[in-house]
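Enquirer: Numbering (this note's numbering), first residue to last: 34 to 152.
Glycine residues also receive a C-beta, built at the ideal position from the N, C-alpha and C atoms.
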């Protein structure tokens with residue numbers, strides 16, 4: 034894990050995998066005061082949290098809350114920004130409303146899109 038100042042950033046490369054964070058696991062080990070902004074560098078992910086589902090592809094962002102979830106990934110990679118929930122919610126409102134929503138690459142500013150490749 035690296036950081037920019039106090040902002041932890043992780044880079045993941047992975048093969049196809051399915052992971053599940055159960056309510057019990059989140060309660061025991063979950064960092065409850067955190068929200069994660071995930072940028073897909075390659076591949077495709079499907080995330081389910083509660084009644085929401087998001088599909089992210091290369092260049093997309095998805096926001097994940099530290100809650101029970103199921104994540105199905107294809108071979109690929111991602112950058113994960115580990116954000117303090119309090120600061121995230123002060124700017125964007127409750128994380129439960131913005132969690133598991135994909136910001137597609139095509140809706141990002143053009144200058145951001147040139148830094149990722151893919152469909």
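1) Can you find the residues in the same chain that come closer than 7 Å, C-beta to C-beta, to residue 62, ignoring five residues on each side of it along the sequence?
2) Taking 7 Å as the line, does the beta carbon of residue 52 fall inside it for any heavy atom of the ligand PLP?
3) Mind reading off the beta-carbon distance from residue 108 to residue 47? Whole number of angstroms is fine, and I expect it under 8 Å.
4) When you compare each of 82, 69, 124 and 120 to residue 43 by their alpha carbons, which one comes out closest?
5) For residue 6 and residue 97, I'd like the C-alpha separation in whole angstroms.
6) What residue range is occupied by the uninterrupted beta strand (DSSP E) comprising residue 78?
7) According to DSSP, is residue 133 part of a helix, a strand, or is it coil?
8) In angstroms, rounded to a whole number, what distance separates the CA positions of residue 148 and residue 112?
9) Determine the contact status of residue 95 and residue 71, defining contact as a CB-CB distance below 8 Å.
10) Taking residue 132 and residue 81 to be in contact with their CB atoms under 8 Å, please state how far apart those CB atoms are, rounded to whole angstroms.
11) Once the 5 residues before and after residue 66 are set aside, which same chain residues still bring their CB inside 6 Å of it?
Expert: Per the coordinate set shown:
1) none
2) Of ligands this structure carries none, so the ligand PLP is not represented either.
3) 7 Å
4) 69
5) In the structure as shown, the chain begins at 34 and stops at 152. Residue 6 is therefore absent and cannot be evaluated.
6) 77-82
7) coil
8) Here the model assigns residue 148 a pLDDT of 48, short of 50, so the residue's position is not dependable, and the following value carries that caveat. Cα to Cα, residue 148 sits roughly 13 Å from residue 112.
9) yes
10) Not really, about 11 Å apart at Cβ, beyond 8 Å.
11) 118
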